[in-house]
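These notes concern the structure reproduced below.
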Amino acid sequence: MNAPLTALPAPSPARRAAQLCLGPTAPLCLGSSAELLAELLGPPDPGAPRLVGADAAMDVQALRSALAEWPRTRGASAPGIAWALRWADADGPGLRARLDALRAAGAQDLLALVAEPPAGLPAAAARAHIERQAFAAGFRKHPAYHLCLPYEALDADAWPLVVPLQRIPDAALAAYPQDQLLAERDLHMDMLRETGERADAHLIRYQWAATLARGGDRVLDAACGLGYGSYILARHSSCASVTGIDGSAYAIDYARQNFATQDERLAFHAGYLPRDLAQLPDASFELIVSFETLEHVEEPQQTLAAFERLLAPGGRIVVSVPNDWSDETGEDPNPHHLHVYTLDRLRREFSTHFVRDRLVQQIASGCKSGLGGGQWLRMPRTWRELPAETRMPPDSEWWIMGGHKPALQPPVDLSHISYATAQRPWRREAGAAQAPIARGLVLAMHCVPASVDPRIEAFWLALAEQLASQGLRLVLLATTAIETPGLDALPIPFALTDFARWRGQPSQGIAIDEQDILDTVAWYRCSYAEAEDAQRVAHEFLGDVLDQLRPCAVLGWQSLNPVTRRLRHLGRARDIPFWSVERGWLKYTLMVDTGENNGLSEQATSLALGHAAATCAEAPAQVAALVERMRTIDSPDRYDAPAELDRAAARSAWGIGDEDWVLALFTHGEPSLHGRDQDCLADLHDCSHASLQARVDALCERVVADGHWLLVQEHPFNLAAGRVLALPAHPRILRVQQSTATVFGAADALLFTLSTLQFDAVFTGKPFGLLARSLLAPVEGVPWMREAAQAADFLGLLGDTAAWPATQQRLLQRLAHWHTQALLDLHGDALAPAARRLAAHLAQFERPLDSGFDQRVDRLLQRWGG
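Under this note's numbering, think of the first position of the sequence shown as 2, with each following residue one higher.
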């Protein structure tokens with residue numbers, strides 16, 4: 002049995018910086034006293050040496066001996082060094098001497114921690130002094146600088162100082178000493194060897210851009226300058242390569258000597274933009290980064306066009322420009338800036354070639370102020386991501402814009418969507434043997450292939466039979482082929498963007514709300530024009546279906562599906578009762594809500610239903626029946642998955658010991674939940690992509706520090722969309738793609754966002770926690786990370802196995818209530834009663850068909866039958 006976890010204190014900023022820039026191996030710690038080291042870095046790691054004493058710590062031979070001994074005693078390469086010192090040791094010539102000694106001893110990654118400042122000394126001034134001394138001694142800022150030091154927080158820099166540094170390669174330092182670099186700084190600046198707010202502004206852009214690189218991406222850094230940004234991109238992503246291009250031979254030689262020698266994925270080439278990009282083949286890169294470029298080139302549109310050619314379909318691009326650096330003449334006084342950019346101009350030019358999806362406001366020290374009459378005002382450092390289409394942009398010194406090149410759409414066979422020869426078994430025929438359609442027609446969307454779940458078609462057939470017995474007829478709007486005889490269907494495209502490919506341009510004059518178009522762009526990653534065309538065709542077609550068939554009730558499929566959203570909008574405008582149907586929280590069930598079942602279910606938004614769920618007290622027999630039902634389910638997987646492995650086999654395959662404590666995280670299908678341009682669901686579920694990533698970062702850090710394991714199984718939709726969590730490269734943090742049952746069995750505790758798998762997890766008996774506000778968040782005893790002060794506290798709650806049985810019983814009560822009251826069970830003999838239940842509900846809505854029904858059907862089929 003694994004011992005319960007206890008909540009451990011969160012690492013100090015210094016300790017966290019040591020983990021980020023010195024690696025997972027415990028560092029070699031230097032300091033003038035054991036007390037100072039303990040104050041700044043905490044208690045020593047077992048077996049990690051600490052050299053204490055001002056003289057011994059800076060003795061070159063002692064350092065060399067300690068560094069040489071490290072691989073033999075620790076089984077690892079040379080360590081990073083954490084160096085704790087007091088300001089008294091940093092102020093004056095002694096600092097340079099100590100830095101020289103560290104370099105002479107072979108120090109590579111160095112984290113300087115400075116404490117005990119004199120009264121009144123600003124931390125920013127002290128940082129600048131230490132960094133300049135380090136640069137002169139042959140060190141530069143560490144590429145993880147802004148992982149350790151949040152950009153905006155540097156405006157309120159505080160003691161003790163955390164200064165992450167890295168050794169400059171010997172040959173590069175000899176070729177480009179600091180004095181020479183300072184002489185060239187009007188044309189070339191290595192921001193890793195510069196101090197202050199403007200250097201930080203350049204570094205944080207590349208740090209952010211590295212998060213956009215996916216595993217295996219080929220990255221282009223266009224106008225790379227001295228190559229420091231390319232180095233950050235390579236060091237902090239799992240990309241396959243980074244190619245830097247710049248017009249300066251000096252810059253390329255510097256980049257090769259300083260950075261290409263440190264990472265074999267880096268390559269630098271001389272070339273002018275856009276001319277020399279023509280030498281590169283089409284679709285050469287999955288990510289293009291080009292900061293501070295467009296204002297420098299004579300033809301920025303030609304440069305963007307070249308980027309479009311070089312970017313692979315589905316690839317991402319990020320650029321930056323200064324925001325209105327013009328003077329009273331309207332021109333930029335910087336002689337190297339050939340253009341003045343504003344956000345409007347950047348949007349206009351960028352959108353000619355790419356789909357906009359990211360926008361960042363950045364300020365280093367100040368910018369023109371709208372409230373200040375256009376005057377340049379001092380402002381704090383700012384790095385704030387905004388909605389890409391924000392209509393009221395704030396003041397900004399630079400704009401960073403991200404986007405993508407739409408993926409090549411595979412040929413979609415839409416030939417089956419033709420009504421020219423469509424059968425009409427569902428039209429009213431007088432004198433037919435079966436009961437005539439007298440009371441009305443129910444329209445329902447069908448989107449699940451029989452190969453995924455044949456129970457869905459079986460349910461529609463049972464529902465059709467039940468409705469027919471009450472004088473109603475079911476007609477499906479089917480996005481997939483129907484394999485069950487006896488079901489009446491109109492085939493329609495699956496993706497909303499396929500409506501335009503199927504039908505072409507609709508009639509003119511249909512006004513589509515701009516937000517709907519932007520939502521479509523965000524969901525499908527298509528162009529604005531394609532989204533607008535698709536919305537217009539879908540609006541006209543679905544509106545025509547409702548007007549000609551005149552259903553008494555409409556069932557959409559999955560409330561956030563863009564086709565369902567358009568159908569719901571049109572149905573409600575016509576006062577037609579509307580429900581959204583979706584595969585339910587428990588496997589082989591359906592959930593049916595009036596409005597939202599995928600996002601904010603009515604179980605959460607309805608006052609009455611929420612109260613009923615919170616106060617439910619299902620009989621023990623109902624709970625036992627549900628538990629027995631779930632035992633008969635073959636697997637919790639909703640999609641194709643590998644064969645199940647038992648706990649021992651799975652752990653052995655992943656290199657996990659029997660006694661190791663393992664967490665498993667399952668994500669939800671984020672593109673289908675947060676795939677819209679401006680989505681308040683991120684706030685209401687407390688789960689945006691950014692907030693989820695931040696929580697996962699904190700968990701990974703804690704898991705590594707505590708010696709545990711984390712398995713991350715992404716939803717198939719996330720994998721298909723390339724929108725997955727960024728994970729640290731650590732042997733105990735693993736991406737897995739196994740059957741859900743395999744991962745459930747291998748883990749000791751489980752983590753979920755909004756995935757329906759959390760409902761299946763209740764029956765495993767294993768503790769689980771939530772990284773988002775799901776339907777289970779209000780249940781007493783379920784750990785929710787938002788309510789934990791630190792990641793360590795959250796993990797401590799997950800490890801409290803003694804408290805979980807009571808929580809599980811409360812969860813079983815809640816699920817038994819929902820199973821009985823809110824879900825339609827399609828498992829085994831429960832399917833027919835579920836169909837009767839829904840049919841009885843729909844039968845209360847009546848819209849008798851008039852004598853013009855047949856003619857309207859003919860017009861519909863003829864109009865859309867081409």
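Where is the CB? At the ideal position from N, CA and C, for every residue including glycine.
Of the listed residues the options, nearest to residue i (C-alpha basis)
i, options, result
"Phe764", "Val725, Pro806, His189, Gln738", "Pro806"
"Arg17", "Ala307, Leu114, Ala773", "Leu114"
"Leu347", "Gln302, Ile364, Lys369, Gln376", "Gln302"
"Ala389", "Ala790, Leu360, Ala91, Phe308", "Leu360"
"Asp638", "Cys617, Pro717, Leu174", "Pro717"
"Phe495", "Pro486, Ala482, Leu488, Asp489", "Ala482"
"Ala512", "Thr521, Glu541, Asp110, Leu776", "Glu541"
"Glu350", "Val320, His337, Tyr146, Asp328", "Val320"
"Ala200", "Met592, Ala773, Arg382", "Arg382"
"Ala730", "Leu478, Ala750, His237", "His237"
"Ala224", "Ser692, Glu40, Thr304", "Thr304"
"Ala19", "Ala85, Leu155, Ile289", "Ala85"
"Ser291", "Ala261, Leu372, Trp209, Arg215", "Trp209"
"Leu601", "Ala778, Arg87, His354", "Ala778"
"Gln516", "Arg392, Leu475, Arg474", "Arg392"
"Phe260", "Ala748, Ile169, Arg128, Ala39", "Ile169"
"His337", "Pro323, Ala279, Asp635", "Pro323"
"Ala654", "Leu442, Thr633, Leu712", "Leu712"
"Leu37", "Ala83, Trp377, Leu23", "Ala83"
"Ala91", "Leu221, Ala626, Ile131, Gln362", "Ile131"
Range of the contiguous beta strand (DSSP E) that encloses residue i
i, result
"Arg219", "219–223"
"Pro492", "490–492"
"Trp710", "710–714"
"Trp84", "82–87"
"Phe769", "769–771"
"Asp110", "110–116"
"His447", "441–447"
"Ser51", "With the sequence shown as reference, residue 51 is identified as Arg, and Ser is not the correct amino acid for it. Here the beta strand (DSSP E) through Arg51 covers 51–53."
"Arg474", "473–479"
"Ala157", "Neither: Ala157 is in no beta strand (DSSP E) and is coded neither H nor E."
"Phe760", "From DSSP, Phe760 is part of no beta strand (DSSP E) but of the alpha helix (DSSP H) over 758–762."
Anticipated Cβ contact below 8 Å, residue i with residue j, distance rounded
i, j, result
"Gln714", "Ala644", "Incorrect: roughly 16 Å between the Cβ atoms, too far for contact."
"Arg703", "Ala793", "6 Å"
"Arg257", "Ala241", "So it is not a contact: roughly 19 Å between Cβ atoms."
"Pro165", "His143", "4 Å"
"Gly367", "Glu332", "The pair is not a contact, with the Cβ atoms about 20 Å apart (cut-off 8 Å)."
"Tyr207", "Leu234", "6 Å"
"Val356", "Pro407", "6 Å"
"Gly107", "Pro28", "Not really, about 14 Å apart at Cβ, beyond 8 Å."
Residue interval of the alpha helix (DSSP H) (run including residue i)
i, result
"Asp855", "854–864"
"Gly746", "741–747"
"Arg168", "No alpha helix (DSSP H) holds Arg168; the beta strand (DSSP E) holding it covers 162–168."
"Val628", "621–632"
"Phe718", "717–722"
"Gly611", "608–615"
"Ala695", "690–707"
"Gly230", "229–236"
Can you give, in chain order, each stretch of the alpha helix (DSSP H) that sits fully within the stretch 638–676 and has at least 4 residues?
648–655, 671–674
Contact between the stretch 559–574 and the stretch 445–452 (3+ Cβ pairs under 8 Å):
yes
For the stretch 240–300, list the alpha helix (DSSP H) runs that are entirely contained and at least 4 residues long, ordered along the chain.
250–256
Do three or more CB pairs link the stretch 694–702 to the stretch 572–580 at distances below 8 Å?
no
Taking contact to mean 3 or more Cβ pairs, one atom from each stretch, closer than 8 Å, check whether the stretch 454–471 and the stretch 833–847 are in contact.
yes
Within the stretch 317–402, ranges of the beta strand (DSSP E) (whole runs, at least 3 residues)
356–364, 367–369, 377–379, 383–387
Would you check if the stretch 222–230 and the stretch 243–251 touch, i.e. whether three or more CB-CB distances between them fall below 8 Å?
yes
Suppose only complete runs of 4+ residues qualify. What are the alpha helix (DSSP H) ranges in the stretch 533–596, listed by chain order?
563–574
Using a Cβ distance threshold of 8 Å, determine whether the stretch 583–596 contacts the stretch 511–526, with at least three qualifying pairs required.
no
Contact between the stretch 279–299 and the stretch 307–314 is defined here as three or more beta-carbon pairs at a separation below 8 Å; is this criterion met?
yes
Three CB pairs or more closer than 8 Å across the stretch 531–540 and the stretch 490–504
yes
What are the uninterrupted segments assigned as beta strand (DSSP E) that are 3 or more residues long and contained completely in the stretch 796–846, given in chain order?
824–826
Indicate whether the contact test is met: 3 or more Cβ pairs, each with one atom in the stretch 612–623 and one in the stretch 800–819, closer than 8 Å.
yes
Which runs of the beta strand (DSSP E) fall wholly inside the stretch 179–226 and span at least 3 residues, in chain order?
219–223
Segment contact, 8 Å Cβ cut-off, at least three pairs: the stretch 771–787 with the stretch 542–558:
no
Please confirm if the stretch 147–159 is in contact with the stretch 184–202, defined as three or more CB-CB distances below 8 Å between the two stretches.
yes
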